[in-house]
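Comments concern the structure below.
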Ligand code: PCA
């Protein structure tokens, strides 16, 4: 009896690691990013999803959600700093595709950016000279789409994330992971406009549900 008591006290007092998962990372955060207003949309749906999900928990990981400015250098810098600070176990970036009718899980990031001077289009440049022309998302893209659809929300795989800020953040993040030897799953998801913004849009709850599923499928790869 006495031993049983001592044993249970030992079990209770045993140091439990605050973060416990199988990976080499020491944190248990999922980094989620969205963008601020863009292309005449006063509210970016990705910003709304960030607000809804920040601080929530998915499969034991806390969602650390931030909003990035629609600017090549500032957005890449902000996400890089967040990765260095939180050492997330997964990174899911989101943005708005004004023409999308479904949740679009991006498969390919291109090493291309479109350059503008004000509204004037100047042409395309490489994001990073000497780096690969394209990189694949390291999220389980196919499984995410399948699972979102199974749960009743429209989703598809997209093979083109554009050549603007979304693709820039997507490509820069994948390159950062590779250059720093990190196996952290990372990728990008484009959201359609909100139902209140376009007739073909999607309700915020549907988007949040879809992103939660994306996290759940991704976390299966982490543990
Ligand atoms: N969509 C843009 C940038 C910000 C956003 O939400 C894009 O697709 O590049």
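In this note's numbering, the protein residues as written are 16 to 238. Note that beta-carbon positions come from the ideal geometry of N, C-alpha and C, so glycine has one too.
Whole-angstrom Cβ separation of residue 123 and residue 174, contact assumed at under 8 Å? About 5 Å separates the two Cβ atoms, so the contact holds.
Per DSSP, which residues does residue 108 bridge with? Please list them. Bridge partners of residue 108: 48 and 203.
Got a sec, what are the start and stop residues for the alpha helix (DSSP H) residue 198 sits in? Run containing residue 198: none; DSSP gives neither H nor E here.
Near residue 276, what residues of its chain come up, given a Cβ to Cβ distance below 7 Å and the 5 sequence neighbours on each side ignored? Lying outside 16 to 238, the shown extent of the chain, residue 276 is not represented and no answer is given.
Nearest to residue 64 by CA position, among 182, 155, 74 and 79, is which residue? Nearest C-alpha to residue 64: 79.
Counting Cβ pairs closer than 8 Å, one from the stretch 200–215 and one from the stretch 50–62, do we hit at least three? Touching, yes.
If you drop the 5 nearest sequence neighbours on each side, which residues of the same chain put their C-beta closer than 6 Å to that of residue 140? The residues are 128 and 130.
My understanding is that residue 236 touches residue 155, with C-beta atoms under 8 Å, so please give their C-beta distance in whole angstroms. Rounded, the Cβ-Cβ distance is 6 Å, consistent with contact.
For the stretch 172–188 against the stretch 107–117, are there 3 or more C-beta pairs whose distance is under 8 Å? Here the stretch 172–188 lies against the stretch 107–117, with 3 or more beta-carbon pairs under 8 Å apart.
Here's the rule: buried if 16 or more other CB atoms are within 10 angstroms of the residue's CB, otherwise exposed. What is residue 232? Residue 232 is buried by the Cβ-count criterion.
By Cβ distance below 8 Å, which residues in the same chain neighbour residue 86 in space, the five residues on each side in sequence not counted? If we look at residue 86 and ignore the five residues flanking it on each side, its Cβ neighbours are 180.
I need the DSSP call for residue 85, collapsed to helix, strand or coil. For residue 85, the three-state secondary structure derived from DSSP is coil.
Mind checking which residues open and close the alpha helix (DSSP H) that includes residue 124? Annotation: residue 124 is outside any alpha helix (DSSP H); the continuous beta strand (DSSP E) that includes it extends over 123–125.
Contacting residues, own chain, Cβ-Cβ under 7 Å from residue 126 (five flanking each side not counted): Taking C-beta separations shorter than 7 Å and ignoring five residues to either side along the sequence, the partners of residue 126 in its chain run 141, 142, 143, 146, 147, 148, 149 and 186, following chain order.
Along the chain, where does the beta strand (DSSP E) that runs through residue 209 open and close? Bounds of any beta strand (DSSP E) do not take in residue 209, whose DSSP letter is neither H nor E.
Can you tell me the Cα-Cα spacing of residue 101 and residue 44, whole angstroms? Using only the alpha carbons, I get a separation of about 7 Å.
When you compare only the Cα positions, how much space is there between residue 228 and residue 207? Whole-angstrom Cα-Cα distance: 17 Å.
Quick check on residue 171: does DSSP put it in helix, strand or coil? Correct three-state label for residue 171: strand.
Taking the alpha-carbon of residue 114 as reference, which of 217, 201, 193 and 225 has the nearest alpha-carbon? That would be 217, whose Cα lies nearest to the Cα of residue 114.
Residue 165 to residue 137 span [Cα, whole Å]: Those two C-alpha atoms are separated by around 43 Å.
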